[in-house]
Structures are given as structure tokens and as C-alpha cells.
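This report refers to the structure that appears directly beneath it.
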Amino acid sequence: MGKLIFVNLPVADLDRSIAFHEKMGAVNDPMFTDATAAKMTYSDEIHVMLLTHERFAEFTDKERVDARRQAQVLICLSAESREEIDRLTELAGTCGGRSDPGPVQEHGFMYGRSYEDPDGHIFELAWMDMEAARKALAAAG
Numbered sequence: 132m133g134k135l136i137f138v139n140l141p142v143a144d145l146d147r148s149i150a151f152h153e154k155m156g157a158v159n160d161p162m163f164t165d166a167t168a169a170k171m172t173y174s175d176e177i178h179v180m181l182l183t184h185e186r187f188a189e190f191t192d193k194e195r196v197d198a199r200r201q202a203q204v205l206i207c208l209s210a211e212s213r214e215e216i217d218r219l220t221e222l223a224g225t226c227g228g229r230s231d232p233g234p235v236q237e238h239g240f241m242y243g244r245s246y247e248d249p250d251g252h253i254f255e256l257a258w259m260d261m262e263a264a265r266k267a268l269a270a271a272g
């Protein structure tokens, strides 16, 4: 089995967060979901664990970051196209999140936008034309 990533996020309202991530394309795995946590699967390799604040505190003695005021990580997911990025970013803004908390990234061969989930965690979406990226890097170097 290849490596998997599990992103653990503290959330204020578990049901609201589950609904948001389902609308963004994740699938809830009931085998790993209870009143304190929910496993949301974005792909075979990418999983987001939504944890109530109390459950999150069981994993670390460190103070939990308030994602509405502070940023600790930017979670970047790849997208199949620029159109998918635009669709998902706009969708996030209509289902409880916030579209474009940061600037749009337009680099010709690479395009990205971002959204915040209801708790303020930032998800970036990125698309890259690999052939155009290779050409651009070759020309620059």
C-alpha cells in the first residue's frame, strides 16, 4: 500500500462540517464516524478527519489554533482543471465556507484558488499543465 494522508482538523460543529465536506466532494466513512469524529474521504489517498474540539485535544497538549484568526497550515488539493477549481471555490462560498480568502494564483501553466471551510481552515486548489511548466522552467534556467 502506498502512503496515505490523514489531515486532522478541529471543528466546532461536527454535523455542519460533515455536510460541508460532503458538498465539496468528500464521502463520509461511517466505520470511522461517531459523535466526536468523522472520516471524510476525498480520494483513495486523501482523508480528512473532522474532530470535535474535545476529541482533538486528546491528541495534543498544545493550544488549538483558532483557524478563523490564525493560519497554521494551507491544505492544497490538486484539481483536474481550471474549471473544477472555479466550480469548487464558488461552491464553498455557497455552502457555509468562504471563497477566495487569498489571492487567485494565475501563472499561465499553473492556476489556483482557495476556500475556507466553516471553521476557517484554508483549502487551496491547484491545477498545473505539466508540459507547459517544464517548458517555462527550461526557458528560465
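Here the sequence shown is numbered in this note's numbering, starting from 132 and rising by one per residue.
The beta-carbon is built from N, C-alpha and C at its ideal position, and this holds for glycine as well.
This one's a predicted model, so the numbers in the text were calculated from it and none came from an experiment.
Exercise. Is V196 near the ligand FMN, going by C-beta to nearest heavy atom under 6 Å?
Worked result: The ligand FMN is absent from the structure shown, which contains no ligand whatsoever.
Problem set entry | Entirely enclosed alpha helix (DSSP H) segments - the region 206-259, minimum 4 residues | 213-225
Problem set entry | Contacting residues, own chain, Cβ-Cβ under 6 Å from L135 (five flanking each side not counted) | In the same chain as L135, and ignoring 5 residues on each side of it, the C-beta atoms closer than 6 Å to its own belong to E176, in chain order.
Exercise. Taking Cβ to Cβ, would you say L205 is nearer than 7 Å to L140?
Worked result: no
For this session: Tell me where the alpha helix (DSSP H) around D146 begins and ends.
Result: Unbroken alpha helix (DSSP H) run through D146: L145 to K154.
Problem set entry | Backbone secondary structure at L268 - three-state DSSP | When secondary structure is reduced to three states using DSSP, L268 falls in the helix class.
Exercise. By Cβ distance below 6 Å, which residues in the same chain neighbour V235 in space, the five residues on each side in sequence not counted?
Worked result: Cβ within range, chain order: R244.
Problem set entry | Per DSSP, cross-strand counterpart(s) of T183 | Answer by DSSP bridge pairing, in chain order: V142.
Exercise. Excluding sequence positions up to five away, which residues of its chain have a Cβ less than 6 Å from the Cβ of G233?
Worked result: S245
Problem set entry | Contact set for Q203: own chain, Cβ-Cβ below 6 Å, skip 5 residues either direction | Exclusion of the five residues before and after Q203 leaves V196 as the residues of its chain whose Cβ lies within less than 6 Å of its Cβ.
Exercise. Could you give the C-beta distance for L256 and L222, rounded to a whole number, given that I count them as a contact under 8 Å?
Worked result: Their Cβ separation, rounded to whole angstroms, is 11 Å, which puts L256 and L222 out of contact at 8 Å.
Exercise. Taking the alpha carbon of T220 as the point to measure from, which residue in N159, S230 and R213 has its own alpha carbon closest?
Worked result: Of the candidates N159, S230 and R213, the residue whose Cα lies closest to the Cα of T220 is S230.
Problem set entry | 8 Å contact criterion, which E262 and I253 should meet: CB distance rounded | Incorrect: roughly 29 Å between the Cβ atoms, too far for contact.
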